[in-house]
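Take a look at the structure set out below.
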Amino acid sequence: MKQLSSYLAGAWRTGDGKPTQLVNPATDAVLASVHAVGGLGEALAWARSEGGSHLRAQSFRDRAQTLGALAKLLHGAREELIGIAVANGGNTRGDAKFDIDGAIAVLATYATIGAELPVAPQLAEGEPEPLHKGSKLRAQHVLTPRLGAAIHINAFNFPAWGMVGKFAVAHLAGMPVLSKPATSTAMLAARIAELMLESKLLPAGAFQLLLGPAGDLLDHVGPQDVIAFTGSADTGAKIRGHARVIATNAHVNLEADSLNAAIIGPDVEPGSELFDLVVRDCVTELTQKAGQKCTATRRILVPQAQLEALRDALLDRLSAIAAKTGDPADDAVRMGPLSSRAQLADARSGIAKLASAARVVHGNPERTGFVGVADGVGSFLEPVLLEATAAAARDAAAPFHAHEVFGPVATLLPYDGSVAQAAEIVAAGQGSLVGTLYSDDRQLTAAAIAAIAPWLGRMVLATEKIAGASLAPGCVFPVANHGGPGRAGAGGELGGKAGLAPYLQRTTLQGGAAELARLLGHE
Ligand code: NAP
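Residue numbers (this note's numbering): 55 to 577.
Here it is, written out as C-alpha cells:
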C-alpha cells in the first residue's frame, strides 16, 4: 500500500505515528496510508527563515510568474489528477474538474493580478494624506508581507482548490506556506504538492506539506504567522480559541459552515426561463460533489404559490439523479458517494435532525444498492429534499437554520414572497457564504440587497435576462470574495487583490512629504 509523505523542513517524511487509511469511498478499497509526523515547530521556523527570506527577495511580479508556471504545470497533469479525485474523493469526472480546474484558475488569476503589481517590496495604499491642514507631514499606508509562516488548514471536500487557492494568494503576497490538507481525501493534495515541489519552481521553504493530524502545530504559532482555516465551525472555534493563537494574536481567517439560501421572488412564474434556472441551480447545488460544498444551497425559500410547481420539478430531476448515483468510475454515474463512512453517518444523523421539523419529500437516507457497487458497499447517500411548513420556516430555532448537513440535502421553505420575511428567514441562518435572489423586480431586488446582503459574503442576482448565461451560485471565482459573516466564520478569501490583505501588514508610514515620496518612488 502506498504511504504518503509530508514535506517538512526540506525533507520528505513518512512519519512513524499512528497511520490513517485513505480509501475509495465508492468501493471501500484502501488506497494509501498517512502517518502522523512531528517536528512541526522546526518546519515553521524553516518557513519563516528560509522561505520568507527567499520570497521577499523576489518582487510581486516574480512571484506572479511562478504562479503562472504552476498553473501550466498542473494543467499538464490534469488527467492524472482527475483520476486521483475520482478514486480517493468519490468525485465524478465533472466534480473532479470543478476542484482541479478551480485550482488552476486561481493560480492563473493571481498570476495576472500579480503581473500588474509594482516592483517595490511593498504596496502603497491610496495617496499620502497631510496629517492636518497645511502640514508638511504625511501619512501613507503601506502593505508589507508578514514575516511569519502562512499555516493553511483545509477541509476534505476541495483538496485541490482549497490547498492551491490559499497557496496562490499567500505566495503572491510573499509568505511561505505550510499546508495541511484534510486527511481523508489527502491523495490529491499530496500529488499536487509533489508536482509543485519537484518542479523546482519554488524557492526553498516557500511551500511545505503536512499530512495527517495537525499534532502540536498550533503550539508553535508566532505573532507574524497567519492561519487560514477551512472546515467545520467546531474545529474553527478550537483553532481560534487555541491558547498560543490567542497569546500571539496571529492573524486567523476562518471559513466555516454555511446554510446558504436561494430566494425565489414572487414574480418568478413556473415555466419561465428564470424558473427553469431556479430548478437547474437547485439541482446542481444539491448534487454537485454529492452536496459536499460549503457554498451549496441548503435552504430554498419559495413563495407558497410556486411551491408545488418547484417541488414537482425538483422531484423529477432528483429521482433521475438518484437512479444514476453510484461509483463515479462509471461514466454513466451522475453523483458519487460522500467522502467517507464518517461523513455518511454524520449526514444521516443530520437528516434525522432536519426531519424533526420538516417532512422528507425525496430520498431515502438508508438506501443501499447503487450503480456499479455491491449492496452495502461505499458511502452513498441519494439526494434528499425536505419541505417545511410556512410556520416552521419562520422558526429561527428550527434545525434547518442551524444544522448544516454536508451532503446532497436541502429543505424547501415556503414564505409569503416579501423581502421582510425572506430577510427574517435568511437571518435565522446567522450568516452565510452565499445567497441567491431570483427576481426581475428591481424594487424588490434593491430592498433585498439592503436587508439581506449584510448576512452574506456573496449575493447572486439572477434575472430572466442572464438566465442563459448564469452559473450556479456555488461556483466561487477568484475575483469574488469568498467568506461570510457569523456562522460562516467571518472570514474572507480571494476577491482579487483584496485577497492578499491577510498576508500583508498594513502600516502607516508617517513622515515628511518629500522623504516619503523619495522612499516610495513617487518623485
Ligand atoms: P473539519 O473536520 O473541521 O476539518 C477541517 C480541517 O481541520 C482538516 O484538515 C482537519 O484535519 C483539521 N483539524 C481537525 N481538528 C483540528 C485541530 N484540533 N487543530 C487543527 N486542525 C484540525 O472539517 P471537514 O469535515 O474537513 O470539512 C467539512 C466542513 O468544512 C463543513 O462544515 C463545511 O461547511 C466546511 N467547509 C467550509 C468551506 C468554506 O469556505 N467556508 C469550504 C469547505 C468546507 P483532519 O482531516 O486530519 O482531521
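Beta carbons: idealized from backbone N, C-alpha and C, even for Gly.
{"Asked": "So within the segment 214 to 261, which uninterrupted beta strand (DSSP E) runs reach at least 3 residues, ignoring any that extend past its ends?", "Found": "231 to 234"}
{"Asked": "Can you give me the Cβ contacts of arginine 67 inside the same chain, cut-off strictly under 8 Å, excluding the 5 residues immediately before and after it?", "Found": "Ser59, Ser60, Tyr61, Val91, Gly93"}
{"Asked": "Is lysine 234 near ligand 1, judged by its Cβ being under 7 Å from some heavy atom?", "Found": "yes"}
{"Asked": "May I ask you to report which of helix, strand or coil DSSP gives lysine 56?", "Found": "strand"}
{"Asked": "With respect to the beta strand (DSSP E) encompassing glutamine 176, which residues constitute its N-terminal and C-terminal limits?", "Found": "From DSSP, glutamine 176 is part of no beta strand (DSSP E); its letter is neither H nor E."}
{"Asked": "Measure the C-alpha to C-alpha separation of aspartate 595 and valine 140 and round it to an integer number of angstroms.", "Found": "What the structure shows of the chain is the stretch from 55 to 577, and residue 595 is not part of that stretch, so it cannot be assessed."}
{"Asked": "With C-beta atoms as the reference, is glycine 538 less than 8 Å away from leucine 487?", "Found": "yes"}
{"Asked": "If I measure Cβ to Cβ from alanine 544 and keep anything under 8 Å in the same chain, skipping five residues before and after, which residues do I get?", "Found": "Leu308, Gly485, Gly537, Gly538"}
{"Asked": "With hydrogens ignored, establish whether the beta-carbon of proline 614 is closer than 7 Å to any heavy atom of ligand 1.", "Found": "Outside the displayed range of the chain (55 to 577) lies residue 614, so it cannot be described from this structure."}
{"Asked": "Determine the contact status of alanine 260 and histidine 225, defining contact as a CB-CB distance below 8 Å.", "Found": "yes"}
{"Asked": "In angstroms with no decimal places, state the Cα-to-Cα distance between lysine 519 and glycine 202.", "Found": "48 Å"}
{"Asked": "If you reduce the DSSP assignment to three classes, tell me which class histidine 457 lands in.", "Found": "coil"}
{"Asked": "For alanine 578, report the span of its alpha helix (DSSP H) as first-last.", "Found": "Nothing can be reported for residue 578: it is not among the residues displayed for the chain, which extend from 55 to 577."}
{"Asked": "Which residues in the same chain have their Cβ closer than 7 Å to the Cβ of glycine 168, if we skip the five residues on either side of it in sequence?", "Found": "Phe114, Arg115, Arg117, Ala118, Leu121, Leu226"}
{"Asked": "Please tell me whether, using a cut-off of 7 Å, the distance from the CB of lysine 151 to the nearest non-hydrogen atom of ligand 1 is below it.", "Found": "no"}
{"Asked": "On the DSSP bridge list, what partners appear for tryptophan 66?", "Found": "Tyr61"}
{"Asked": "Would proline 527 and threonine 490 be called neighbours here (beta carbons separated by less than 8 Å)?", "Found": "yes"}
{"Asked": "With a cut-off of 8 Å on the beta carbons, I'd call alanine 411 and alanine 445 a contact; round off their distance for me.", "Found": "Contact doesn't hold; Cβ gap of about 10 Å is too wide."}
{"Asked": "Hey, is histidine 89 close to ligand 1, as in C-beta under 7 Å from one of its heavy atoms?", "Found": "no"}
{"Asked": "Going by DSSP, name the residue or residues bridged to serine 312.", "Found": "Beta-bridge pairing links serine 312 to no other residue."}
{"Asked": "Tyrosine 164 lies in the beta strand (DSSP E); which residues open and close that run?", "Found": "Careful: tyrosine 164 lies outside any beta strand (DSSP E), inside the alpha helix (DSSP H) at 147 to 169."}
{"Asked": "Bridge partners for phenylalanine 434 per DSSP, in chain order?", "Found": "Paired residues: none, contrary to the question."}
{"Asked": "Check for me: the alpha helix (DSSP H) holding isoleucine 506 runs from which residue to which?", "Found": "496 to 506"}
{"Asked": "Please confirm if the segment 169 to 179 is in contact with the segment 231 to 239, defined as three or more CB-CB distances below 8 Å between the two stretches.", "Found": "no"}
{"Asked": "Counting C-beta neighbours from all protein chains within 10 Å, is the total for asparagine 303 16 or more, i.e. buried, or is it exposed?", "Found": "exposed"}
{"Asked": "Bridge partners for histidine 536 per DSSP, in chain order?", "Found": "Glu547"}
{"Asked": "Roughly how many angstroms lie between the CA atoms of leucine 408 and leucine 355, to the nearest whole one?", "Found": "16 Å"}
{"Asked": "What is the residue span of the beta strand (DSSP E) that leucine 191 lies within?", "Found": "191 to 199"}
{"Asked": "When you compare only the Cα positions, how much space is there between glutamate 96 and glycine 64?", "Found": "10 Å"}
{"Asked": "Closest to proline 419 by C-alpha separation, out of Ala428, Ala244, Ile405, would be which residue?", "Found": "Ile405"}
{"Asked": "Could you check if histidine 186 is buried or exposed, using at least 16 other CB atoms within 10 Å of its CB as the buried criterion?", "Found": "exposed"}
{"Asked": "Are the beta-carbon atoms of proline 597 and glycine 417 separated by less than 8 Å?", "Found": "Shown here, the chain extends from 55 to 577; a query on residue 597 therefore has no answer."}
{"Asked": "How many angstroms separate the CA atom of phenylalanine 424 from the CA atom of alanine 464?", "Found": "21 Å"}
{"Asked": "Taking only the alpha-carbon atoms, compute the straight-line gap between serine 579 and leucine 372 and give it to the nearest angstrom.", "Found": "Shown here, the chain extends from 55 to 577; a query on residue 579 therefore has no answer."}
{"Asked": "Please classify isoleucine 158 as buried or exposed, where buried requires at least 16 other C-beta atoms within 10 Å of its C-beta.", "Found": "buried"}
{"Asked": "Take the Cβ of isoleucine 293 as the centre, count every other Cβ of all protein chains shown within 10 Å, and call the residue buried at 16 or more, exposed below.", "Found": "buried"}
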